[in-house]
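Notes follow once the structure below has been shown.
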Amino acid sequence: MNTSIENEYIVNQLQSTISQIPESLPNIPRNIREDGKTWRFVSYQDWTSGFWAGQLWYAYELTGKIGLRDEADRFTMQLEPLAYEPVIDHDIGFQIFNSYGHAYRLTGDTSYKEVIIAAADSLATLYNPKVGTILSWPRSVPNMDWPHHNTIIDNMINLELLFWASKNGGADSLYDIAVRHAETTMENHFRKDHTSFHVVIYDKDSGKVRKQITHQGIANESLWARGQSWAIYGYTMVYRETRDPKFLDFAQKVTDVYLDRLPDDLIPFWDFDDPKIPDAPRDASAAAVVASALYELSQYVKPQKREVYLEKANGMLNALSSSYKSGSKNSALIKHVTGHLPGGTEINTSINYADYYYLEALLKYKNYTN
(Lines of atoms letter the chains of each structure in order from A and count residues from 1; the text may use other names and numbers.)
(Lines give C-alpha, C1' and ligand atoms only; values in the text may rest on other atoms or scores of the structure.)
Protein backbone atom coordinates (compact mmCIF):
# COMPACT_ATOMS: atom_id res chain seq x y z
CA MET A 1 0.00 0.00 0.00
CA ASN A 2 1.35 3.41 -1.01
CA THR A 3 0.85 5.51 2.12
CA SER A 4 1.73 8.80 0.41
CA ILE A 5 -1.07 8.27 -2.12
CA GLU A 6 -3.44 7.33 0.71
CA ASN A 7 -2.49 10.47 2.63
CA GLU A 8 -3.13 12.67 -0.40
CA TYR A 9 -6.53 11.08 -0.91
CA ILE A 10 -7.44 11.54 2.77
CA VAL A 11 -6.42 15.19 2.86
CA ASN A 12 -8.27 15.98 -0.36
CA GLN A 13 -11.46 14.30 0.82
CA LEU A 14 -11.42 15.90 4.26
CA GLN A 15 -10.69 19.36 2.88
CA SER A 16 -13.54 18.93 0.44
CA THR A 17 -15.85 18.04 3.32
CA ILE A 18 -14.63 21.01 5.36
CA SER A 19 -15.45 23.33 2.46
CA GLN A 20 -19.07 22.11 2.58
CA ILE A 21 -19.62 22.62 6.31
CA PRO A 22 -22.27 25.29 6.99
CA GLU A 23 -21.55 28.30 9.16
CA SER A 24 -24.69 27.67 11.21
CA LEU A 25 -25.46 24.68 13.42
CA PRO A 26 -25.76 21.73 13.06
CA ASN A 27 -22.38 21.43 11.34
CA ILE A 28 -20.95 17.97 12.07
CA PRO A 29 -20.93 15.69 8.98
CA ARG A 30 -22.53 12.34 9.77
CA ASN A 31 -23.52 10.56 6.54
CA ILE A 32 -23.94 11.05 2.82
CA ARG A 33 -27.58 11.66 1.91
CA GLU A 34 -29.66 9.63 -0.52
CA ASP A 35 -28.47 11.86 -3.37
CA GLY A 36 -25.06 10.18 -3.00
CA LYS A 37 -23.22 13.49 -2.90
CA THR A 38 -24.09 15.80 -0.01
CA TRP A 39 -23.58 15.43 3.73
CA ARG A 40 -26.22 15.31 6.43
CA PHE A 41 -25.06 17.42 9.38
CA VAL A 42 -25.84 16.73 13.04
CA SER A 43 -25.39 18.46 16.40
CA TYR A 44 -22.89 17.69 19.14
CA GLN A 45 -25.51 15.52 20.88
CA ASP A 46 -25.69 13.00 18.02
CA TRP A 47 -24.05 9.69 18.97
CA THR A 48 -21.67 9.97 15.99
CA SER A 49 -20.51 13.52 16.76
CA GLY A 50 -17.05 12.52 18.02
CA PHE A 51 -16.06 10.58 14.93
CA TRP A 52 -15.64 13.67 12.76
CA ALA A 53 -13.24 15.36 15.18
CA GLY A 54 -11.50 12.01 15.61
CA GLN A 55 -11.01 11.68 11.85
CA LEU A 56 -9.39 15.09 11.76
CA TRP A 57 -7.03 14.24 14.62
CA TYR A 58 -6.05 10.99 12.90
CA ALA A 59 -5.52 12.78 9.59
CA TYR A 60 -3.33 15.34 11.36
CA GLU A 61 -1.36 12.49 12.93
CA LEU A 62 -0.92 10.81 9.54
CA THR A 63 0.05 13.92 7.60
CA GLY A 64 1.25 16.55 10.06
CA LYS A 65 -0.89 19.24 8.39
CA ILE A 66 -1.53 22.02 10.91
CA GLY A 67 -4.75 23.07 9.20
CA LEU A 68 -6.26 19.68 10.01
CA ARG A 69 -5.19 20.06 13.64
CA ASP A 70 -6.95 23.42 13.84
CA GLU A 71 -10.14 21.93 12.42
CA ALA A 72 -9.87 18.96 14.76
CA ASP A 73 -9.63 21.28 17.75
CA ARG A 74 -12.58 23.36 16.53
CA PHE A 75 -14.89 20.38 16.33
CA THR A 76 -13.55 18.81 19.50
CA MET A 77 -14.38 21.92 21.53
CA GLN A 78 -17.99 21.76 20.35
CA LEU A 79 -18.43 18.53 22.28
CA GLU A 80 -17.40 19.83 25.73
CA PRO A 81 -20.98 20.25 27.04
CA LEU A 82 -21.47 16.47 26.79
CA ALA A 83 -19.10 15.94 29.72
CA TYR A 84 -21.12 18.16 32.04
CA GLU A 85 -24.74 17.86 30.93
CA PRO A 86 -26.91 15.01 32.28
CA VAL A 87 -25.78 12.00 30.26
CA ILE A 88 -28.34 10.92 27.65
CA ASP A 89 -26.78 7.59 26.61
CA HIS A 90 -23.66 5.43 26.71
CA ASP A 91 -22.23 6.94 23.52
CA ILE A 92 -20.42 9.65 25.45
CA GLY A 93 -17.43 7.30 25.14
CA PHE A 94 -17.57 7.44 21.34
CA GLN A 95 -18.18 11.18 21.47
CA ILE A 96 -15.57 12.34 23.97
CA PHE A 97 -12.79 9.75 23.89
CA ASN A 98 -12.63 9.74 20.09
CA SER A 99 -12.24 13.52 20.09
CA TYR A 100 -10.79 14.78 23.37
CA GLY A 101 -8.87 11.53 23.83
CA HIS A 102 -6.88 12.07 20.65
CA ALA A 103 -6.57 15.79 21.35
CA TYR A 104 -4.88 15.10 24.69
CA ARG A 105 -2.76 12.26 23.30
CA LEU A 106 -1.40 14.40 20.47
CA THR A 107 -1.01 17.74 22.28
CA GLY A 108 -0.61 17.00 25.99
CA ASP A 109 -2.90 19.94 26.81
CA THR A 110 -4.35 19.17 30.27
CA SER A 111 -7.56 21.07 29.57
CA TYR A 112 -8.54 18.18 27.29
CA LYS A 113 -7.81 15.70 30.08
CA GLU A 114 -10.21 17.42 32.48
CA VAL A 115 -13.07 16.98 30.02
CA ILE A 116 -12.27 13.28 29.49
CA ILE A 117 -12.37 12.53 33.22
CA ALA A 118 -15.60 14.50 33.65
CA ALA A 119 -17.13 12.50 30.79
CA ALA A 120 -16.08 9.22 32.41
CA ASP A 121 -17.80 10.25 35.63
CA SER A 122 -20.93 11.05 33.64
CA LEU A 123 -20.87 7.68 31.89
CA ALA A 124 -20.52 5.93 35.25
CA THR A 125 -23.87 7.37 36.37
CA LEU A 126 -25.54 4.91 33.97
CA TYR A 127 -24.04 1.90 35.76
CA ASN A 128 -26.47 -0.39 37.57
CA PRO A 129 -24.62 -2.53 40.16
CA LYS A 130 -27.57 -4.93 40.41
CA VAL A 131 -27.15 -5.75 36.72
CA GLY A 132 -23.41 -5.28 36.33
CA THR A 133 -23.55 -3.21 33.14
CA ILE A 134 -23.96 0.37 31.98
CA LEU A 135 -27.42 1.32 30.74
CA SER A 136 -27.27 2.09 27.03
CA TRP A 137 -30.50 3.95 26.31
CA PRO A 138 -32.03 5.66 29.37
CA ARG A 139 -35.29 6.26 27.58
CA SER A 140 -38.12 4.45 25.82
CA VAL A 141 -36.94 2.56 22.72
CA PRO A 142 -39.20 0.09 20.86
CA ASN A 143 -38.97 -3.49 22.17
CA MET A 144 -36.65 -2.50 25.05
CA ASP A 145 -39.11 -3.13 27.93
CA TRP A 146 -38.48 0.32 29.36
CA PRO A 147 -37.87 1.16 32.20
CA HIS A 148 -35.90 -2.06 32.49
CA HIS A 149 -32.15 -2.03 31.87
CA ASN A 150 -30.95 -2.35 28.26
CA THR A 151 -27.32 -2.90 27.24
CA ILE A 152 -26.12 -3.01 23.65
CA ILE A 153 -22.94 -4.61 22.36
CA ASP A 154 -21.71 -1.21 21.11
CA ASN A 155 -21.23 -0.27 24.75
CA MET A 156 -18.08 -2.41 24.91
CA ILE A 157 -16.20 0.32 23.02
CA ASN A 158 -17.23 3.00 25.49
CA LEU A 159 -15.49 1.15 28.32
CA GLU A 160 -12.18 2.52 27.04
CA LEU A 161 -13.16 5.92 28.38
CA LEU A 162 -13.57 4.43 31.87
CA PHE A 163 -10.31 2.49 31.75
CA TRP A 164 -8.35 5.51 30.59
CA ALA A 165 -9.83 7.85 33.18
CA SER A 166 -9.17 5.40 36.02
CA LYS A 167 -5.48 5.32 35.08
CA ASN A 168 -5.13 9.07 34.52
CA GLY A 169 -6.45 10.71 37.64
CA GLY A 170 -10.04 9.48 37.75
CA ALA A 171 -11.64 7.26 40.38
CA ASP A 172 -10.48 3.65 40.76
CA SER A 173 -14.14 2.61 40.67
CA LEU A 174 -14.26 3.46 36.96
CA TYR A 175 -11.89 0.56 36.26
CA ASP A 176 -14.04 -1.80 38.34
CA ILE A 177 -17.20 -0.76 36.49
CA ALA A 178 -15.55 -1.38 33.12
CA VAL A 179 -14.34 -4.85 34.11
CA ARG A 180 -17.70 -5.85 35.58
CA HIS A 181 -19.49 -4.65 32.45
CA ALA A 182 -17.15 -6.69 30.24
CA GLU A 183 -17.62 -9.80 32.39
CA THR A 184 -21.41 -9.51 32.51
CA THR A 185 -21.59 -8.92 28.77
CA MET A 186 -19.33 -11.91 28.13
CA GLU A 187 -21.70 -14.07 30.16
CA ASN A 188 -25.04 -12.91 28.74
CA HIS A 189 -24.53 -11.29 25.36
CA PHE A 190 -23.33 -14.23 23.28
CA ARG A 191 -24.68 -17.46 21.86
CA LYS A 192 -22.89 -20.78 22.29
CA ASP A 193 -21.00 -20.23 19.03
CA HIS A 194 -19.73 -16.83 20.32
CA THR A 195 -21.86 -14.73 17.97
CA SER A 196 -23.39 -11.72 19.68
CA PHE A 197 -26.87 -10.44 20.26
CA HIS A 198 -27.26 -6.70 19.73
CA VAL A 199 -29.18 -6.04 22.96
CA VAL A 200 -29.72 -7.73 26.29
CA ILE A 201 -32.62 -6.53 28.43
CA TYR A 202 -32.07 -7.02 32.16
CA ASP A 203 -34.52 -6.66 35.00
CA LYS A 204 -33.44 -3.37 36.53
CA ASP A 205 -34.05 -4.58 40.08
CA SER A 206 -32.95 -8.23 40.08
CA GLY A 207 -30.35 -8.10 37.32
CA LYS A 208 -31.80 -11.20 35.64
CA VAL A 209 -31.86 -11.44 31.85
CA ARG A 210 -35.33 -10.74 30.46
CA LYS A 211 -34.55 -11.23 26.76
CA GLN A 212 -31.82 -11.10 24.12
CA ILE A 213 -32.54 -9.41 20.80
CA THR A 214 -30.79 -8.16 17.66
CA HIS A 215 -32.37 -4.75 17.22
CA GLN A 216 -30.39 -3.72 14.12
CA GLY A 217 -29.88 -7.16 12.57
CA ILE A 218 -32.24 -9.07 10.36
CA ALA A 219 -33.42 -11.41 13.14
CA ASN A 220 -32.77 -12.05 16.83
CA GLU A 221 -30.64 -15.11 16.08
CA SER A 222 -28.72 -13.60 13.16
CA LEU A 223 -25.10 -12.47 13.10
CA TRP A 224 -25.23 -8.71 12.63
CA ALA A 225 -21.82 -7.76 11.25
CA ARG A 226 -21.20 -4.46 13.00
CA GLY A 227 -22.38 -5.84 16.32
CA GLN A 228 -19.77 -8.60 16.12
CA SER A 229 -17.14 -6.03 15.12
CA TRP A 230 -17.83 -4.07 18.32
CA ALA A 231 -17.30 -7.27 20.29
CA ILE A 232 -13.99 -8.02 18.55
CA TYR A 233 -12.70 -4.51 19.07
CA GLY A 234 -14.10 -4.25 22.60
CA TYR A 235 -12.62 -7.42 24.06
CA THR A 236 -9.27 -6.74 22.41
CA MET A 237 -9.24 -3.38 24.19
CA VAL A 238 -10.37 -4.89 27.50
CA TYR A 239 -7.51 -7.37 27.36
CA ARG A 240 -5.06 -4.53 26.70
CA GLU A 241 -6.33 -2.65 29.74
CA THR A 242 -6.57 -5.62 32.14
CA ARG A 243 -4.14 -8.25 30.79
CA ASP A 244 -6.60 -10.85 32.06
CA PRO A 245 -6.17 -14.00 29.90
CA LYS A 246 -9.90 -14.74 29.89
CA PHE A 247 -10.49 -11.60 27.83
CA LEU A 248 -7.77 -12.51 25.34
CA ASP A 249 -9.25 -15.98 24.92
CA PHE A 250 -12.71 -14.50 24.41
CA ALA A 251 -11.47 -11.88 21.95
CA GLN A 252 -10.10 -14.67 19.77
CA LYS A 253 -13.32 -16.66 19.95
CA VAL A 254 -15.54 -13.77 18.84
CA THR A 255 -12.99 -12.92 16.14
CA ASP A 256 -12.66 -16.40 14.69
CA VAL A 257 -16.39 -16.97 14.21
CA TYR A 258 -16.56 -13.67 12.30
CA LEU A 259 -13.55 -14.43 10.11
CA ASP A 260 -14.86 -17.90 9.27
CA ARG A 261 -17.99 -16.44 7.67
CA LEU A 262 -16.51 -13.62 5.60
CA PRO A 263 -16.90 -13.46 1.80
CA ASP A 264 -13.80 -13.63 -0.37
CA ASP A 265 -13.09 -9.90 -0.35
CA LEU A 266 -13.27 -9.84 3.49
CA ILE A 267 -15.93 -7.08 3.56
CA PRO A 268 -19.00 -8.50 5.32
CA PHE A 269 -22.58 -8.29 4.24
CA TRP A 270 -24.45 -6.12 6.76
CA ASP A 271 -25.86 -9.28 8.37
CA PHE A 272 -24.26 -12.67 7.73
CA ASP A 273 -27.69 -14.32 7.73
CA ASP A 274 -29.53 -12.07 5.29
CA PRO A 275 -31.27 -14.47 2.86
CA LYS A 276 -30.66 -11.98 0.02
CA ILE A 277 -26.92 -12.65 0.06
CA PRO A 278 -25.05 -12.17 -2.33
CA ASP A 279 -27.38 -9.30 -3.26
CA ALA A 280 -27.58 -7.90 0.28
CA PRO A 281 -25.82 -4.62 1.18
CA ARG A 282 -22.29 -4.72 2.58
CA ASP A 283 -21.09 -2.95 5.71
CA ALA A 284 -17.62 -1.55 5.17
CA SER A 285 -17.72 0.02 8.63
CA ALA A 286 -17.57 -3.44 10.23
CA ALA A 287 -14.55 -4.27 8.09
CA ALA A 288 -12.80 -1.08 9.17
CA VAL A 289 -13.50 -1.75 12.86
CA VAL A 290 -12.27 -5.34 12.64
CA ALA A 291 -9.17 -4.45 10.61
CA SER A 292 -8.19 -1.93 13.28
CA ALA A 293 -8.84 -4.46 16.05
CA LEU A 294 -6.85 -7.20 14.32
CA TYR A 295 -3.70 -5.08 14.07
CA GLU A 296 -3.80 -4.83 17.84
CA LEU A 297 -5.05 -8.33 18.64
CA SER A 298 -2.27 -9.82 16.50
CA GLN A 299 0.26 -8.41 18.98
CA TYR A 300 -1.17 -10.47 21.84
CA VAL A 301 -1.58 -13.94 20.32
CA LYS A 302 0.77 -16.79 19.45
CA PRO A 303 2.89 -16.45 16.27
CA GLN A 304 0.85 -18.79 14.09
CA LYS A 305 -2.36 -16.96 14.84
CA ARG A 306 -0.61 -13.61 14.61
CA GLU A 307 0.14 -14.29 10.96
CA VAL A 308 -3.48 -15.21 10.26
CA TYR A 309 -4.79 -12.06 11.90
CA LEU A 310 -2.28 -9.82 10.13
CA GLU A 311 -3.07 -11.39 6.77
CA LYS A 312 -6.79 -10.78 7.33
CA ALA A 313 -6.25 -7.21 8.54
CA ASN A 314 -4.08 -6.39 5.52
CA GLY A 315 -6.65 -7.97 3.22
CA MET A 316 -9.48 -5.94 4.71
CA LEU A 317 -7.51 -2.71 4.50
CA ASN A 318 -6.46 -3.40 0.91
CA ALA A 319 -10.06 -4.13 -0.08
CA LEU A 320 -11.28 -0.93 1.56
CA SER A 321 -8.50 1.08 -0.10
CA SER A 322 -9.02 -0.37 -3.55
CA SER A 323 -12.70 -1.15 -4.02
CA TYR A 324 -14.55 0.73 -1.29
CA LYS A 325 -13.26 4.28 -1.62
CA SER A 326 -15.80 7.01 -2.21
CA GLY A 327 -13.41 8.64 -4.68
CA SER A 328 -14.94 11.42 -6.76
CA LYS A 329 -18.49 10.33 -5.96
CA ASN A 330 -18.52 12.39 -2.75
CA SER A 331 -16.08 13.63 -0.10
CA ALA A 332 -16.37 10.74 2.34
CA LEU A 333 -13.47 8.28 2.56
CA ILE A 334 -15.20 4.93 2.04
CA LYS A 335 -18.58 3.75 0.74
CA HIS A 336 -20.93 0.76 1.01
CA VAL A 337 -21.70 1.26 4.69
CA THR A 338 -25.00 0.12 6.19
CA GLY A 339 -26.23 1.84 9.32
CA HIS A 340 -29.71 0.58 10.27
CA LEU A 341 -31.28 -1.50 7.53
CA PRO A 342 -34.34 -2.65 9.55
CA GLY A 343 -35.00 1.00 10.35
CA GLY A 344 -34.60 1.96 6.70
CA THR A 345 -31.82 4.48 7.35
CA GLU A 346 -28.25 4.91 6.08
CA ILE A 347 -28.23 1.92 3.73
CA ASN A 348 -25.31 1.42 1.34
CA THR A 349 -23.90 4.90 1.90
CA SER A 350 -20.96 6.61 3.66
CA ILE A 351 -20.99 7.27 7.42
CA ASN A 352 -18.43 9.07 9.56
CA TYR A 353 -17.66 6.18 11.91
CA ALA A 354 -16.61 3.99 8.97
CA ASP A 355 -14.17 6.69 7.87
CA TYR A 356 -12.90 7.04 11.44
CA TYR A 357 -12.03 3.36 11.85
CA TYR A 358 -10.60 3.24 8.34
CA LEU A 359 -8.16 5.98 9.31
CA GLU A 360 -7.42 4.20 12.58
CA ALA A 361 -6.63 0.99 10.71
CA LEU A 362 -4.35 2.90 8.31
CA LEU A 363 -2.46 4.38 11.24
CA LYS A 364 -2.04 0.98 12.87
CA TYR A 365 -0.85 -0.48 9.57
CA LYS A 366 1.69 2.33 9.23
CA ASN A 367 2.92 1.91 12.80
CA TYR A 368 3.13 -1.86 12.43
CA THR A 369 5.10 -1.74 9.19
CA ASN A 370 7.45 0.84 10.67
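With positions in the sequence shown counted from 1, the corresponding number in this note's numbering is that position plus 1139.
From the three backbone atoms N, C-alpha and C, an ideal C-beta is built for every residue, glycine too.
#### Entry: Span of the beta strand (DSSP E), counted from its first residue to its last, around residue 1178
The residue labelled residue 1178 in the question sits at position 39 within the sequence shown. Where residue 1178 is concerned, the enclosing beta strand (DSSP E) stretches over 1178–1181.
### Touching by the beta-carbon criterion (3+ pairs, under 8 angstroms), the stretch 1196–1206 and the stretch 1249–1260
no
### Query
When DSSP labels each residue in this structure, what does residue 1339 get in the three-state scheme?
Against the sequence shown, residue 1339 aligns to sequence position 200. Here residue 1339 sits in strand by DSSP.
#### Entry: Outcome for residue 1461 when other beta-carbon atoms lying within 10 angstroms are tallied against a minimum of 16
As a first step, residue 1461 must be located in the sequence shown, where it is residue number 322. The residue is exposed, with fewer than 16 neighbouring Cβ atoms inside 10 Å.
### Query
So, helix, strand or coil for residue 1382, using DSSP?
If you number the sequence shown from 1, residue 1382 lands on position 243. When secondary structure is reduced to three states using DSSP, residue 1382 falls in the coil class, being assigned neither helix nor strand.
### Message
Going by DSSP, what residue range makes up the beta strand (DSSP E) through residue 1288?
### Response
Numbered from its first residue, the sequence shown carries residue 1288 at position 149. First-last of the beta strand (DSSP E) with residue 1288: 1288–1291.
### Query
DSSP beta-bridge partners for residue 1363?
Residue mapping note: residue 1363 aligns to position 224 of the sequence shown, counting from 1. Answer is 1410.
### Query
Under the three-state reduction of DSSP, which class applies to residue 1440: helix, strand or coil?
By 1-based counting over the sequence shown, the position of residue 1440 is 301. Correct three-state label for residue 1440: coil.
### Query
Looking at C-alpha atoms only, which residue of 1444, 1366 and 1423 is the closest neighbour of residue 1395?
Residue numbering aside, residue 1395 sits at position 256 when the sequence shown is read from its first letter. Comparing Cα-Cα distances from residue 1395 to each of 1444, 1366 and 1423, the minimum goes to 1444.
### Query
Apart from the five residues just before and just after residue 1272, which ones in its own chain have a Cβ nearer than 6 angstroms to its Cβ?
Sequence index remark: in the sequence shown, residue 1272 carries index 133 (1-based). For residue 1272, where only same-chain residues beyond five positions count, the Cβ hits under 6 angstroms are 1290, 1320 and 1323.
### Own chain partners of residue 1164 with C-beta closer than 7 angstroms, once the 5 adjacent residues on each side are dropped
Taking the sequence shown and counting its residues from 1, the one referred to as residue 1164 is at position 25. Taken in chain order, the residues that qualify are 1182.
### Message
Tell me which residue opens and which closes the alpha helix (DSSP H) that residue 1319 is part of.
### Response
Against the sequence shown, residue 1319 aligns to sequence position 180. First-last of the alpha helix (DSSP H) with residue 1319: 1311–1327.
### Query
Buried or exposed: where does residue 1470 fall if 16 or more other Cβ atoms within 10 Å of its Cβ makes it buried?
One-based indexing of the sequence shown puts residue 1470 at position 331. Buried, since its Cβ has 16 or more Cβ neighbours within 10 Å.
### Query
In whole angstroms, what separates the C-alpha of residue 1177 from that of residue 1464?
Translated into positions along the sequence shown, residue 1177 becomes position 38. Translated into positions along the sequence shown, residue 1464 becomes position 325. Between residue 1177 and residue 1464, the C-alpha separation is close to 16 angstroms.
### Query
Which value, in whole angstroms, describes the spacing of the CA atoms of residue 1160 and residue 1171?
If you number the sequence shown from 1, residue 1160 lands on position 21. If you number the sequence shown from 1, residue 1171 lands on position 32. Spanning the two alpha carbons is a distance of roughly 13 angstroms.
### Task
Take residue 1399 as the anchor and find which of 1448, 1275 and 1295 has the nearest alpha-carbon.
By 1-based counting over the sequence shown, the position of residue 1399 is 260. The candidate whose alpha carbon is nearest that of residue 1399 is 1448.
### Query
For the 8 angstroms Cβ check, are there 3 or more pairs between the stretch 1360–1368 and the stretch 1299–1309?
no
### Message
Can you look up residue 1234 in the DSSP assignment and give me helix, strand or coil?
### Response
Position 95 of the sequence shown, counting from 1, holds the residue named residue 1234. It is helical.
### Query
Anyone know if the C-beta pair for residue 1361 and residue 1329 falls short of 9 angstroms?
For the purposes of this step, residue 1361 is identified with residue 222 of the sequence shown, where counting begins at 1. For the purposes of this step, residue 1329 is identified with residue 190 of the sequence shown, where counting begins at 1. It is not a contact, given that the beta carbons lie outside the stated cut-off.
### Query
In terms of residue numbering, what span does the beta strand (DSSP E) encompassing residue 1349 cover?
Here residue 1349 refers to the residue found at position 210 of the sequence shown. Counting along the chain, the unbroken beta strand (DSSP E) around residue 1349 starts and ends at 1348–1352.
### Message
Using C-beta distances below 6 angstroms, list every residue in its chain close to residue 1373, excluding the 5 sequence neighbours before and after it, in chain order.
### Response
Numbered from its first residue, the sequence shown carries residue 1373 at position 234. The answer, listed in chain order, is 1295 and 1296.
### Cβ-based burial, residue 1223 [other Cβ within 10 Å; buried from 16]
Residue 1223 sits at position 84 when you count from the first residue of the sequence shown. Exposed: under 16 other Cβ atoms inside 10 Å.
### Task
Select from 1276, 1146 and 1422 the residue whose C-alpha is nearest the C-alpha of residue 1203.
Here residue 1203 refers to the residue found at position 64 when the sequence shown is read from its first residue. Ranking 1276, 1146 and 1422 by Cα distance to residue 1203 puts 1146 first.
### Query
Who are residue 1476's beta bridge partners in DSSP?
For this step, residue 1476 is matched to residue 337 along the sequence shown. 1488, per the DSSP bridge assignment.
### Nearest-angstrom Cα separation, counted from residue 1488 out to residue 1420
Residue 1420 sits at position 281 when you count from the first residue of the sequence shown. Residue 1488 sits at position 349 when you count from the first residue of the sequence shown. Cα-Cα distance, rounded: 10 angstroms.
### Message
Just to confirm the assignment, what range does the beta strand (DSSP E) spanning residue 1169 have?
### Response
To locate residue 1169, count along the sequence shown from 1; it is residue 30. Start and end: 1167–1171.
### Proximity of residue 1249 and residue 1491 at Cβ, strictly below 9 angstroms
Counting from one through the sequence shown, the residue named residue 1249 turns up at place 110. Counting from one through the sequence shown, the residue named residue 1491 turns up at place 352. No; because the gap between Cβ atoms is not below 9 angstroms, this pair is not in contact.
### Query
Any idea what DSSP makes of residue 1272, helix, strand or coil?
In the sequence shown, counting from the first residue as 1, residue 1272 sits at position 133. It is a strand residue.
### Beta-bridge partners of residue 1266, as assigned by DSSP
Residue 1266 sits at position 127 when you count from the first residue of the sequence shown. 1273, per the DSSP bridge assignment.
### Message
Can you tell me whether residue 1213 is helix, strand or coil according to DSSP?
### Response
Counted from its first residue, the sequence shown places residue 1213 at position 74. Residue state, collapsed to three classes: helix.
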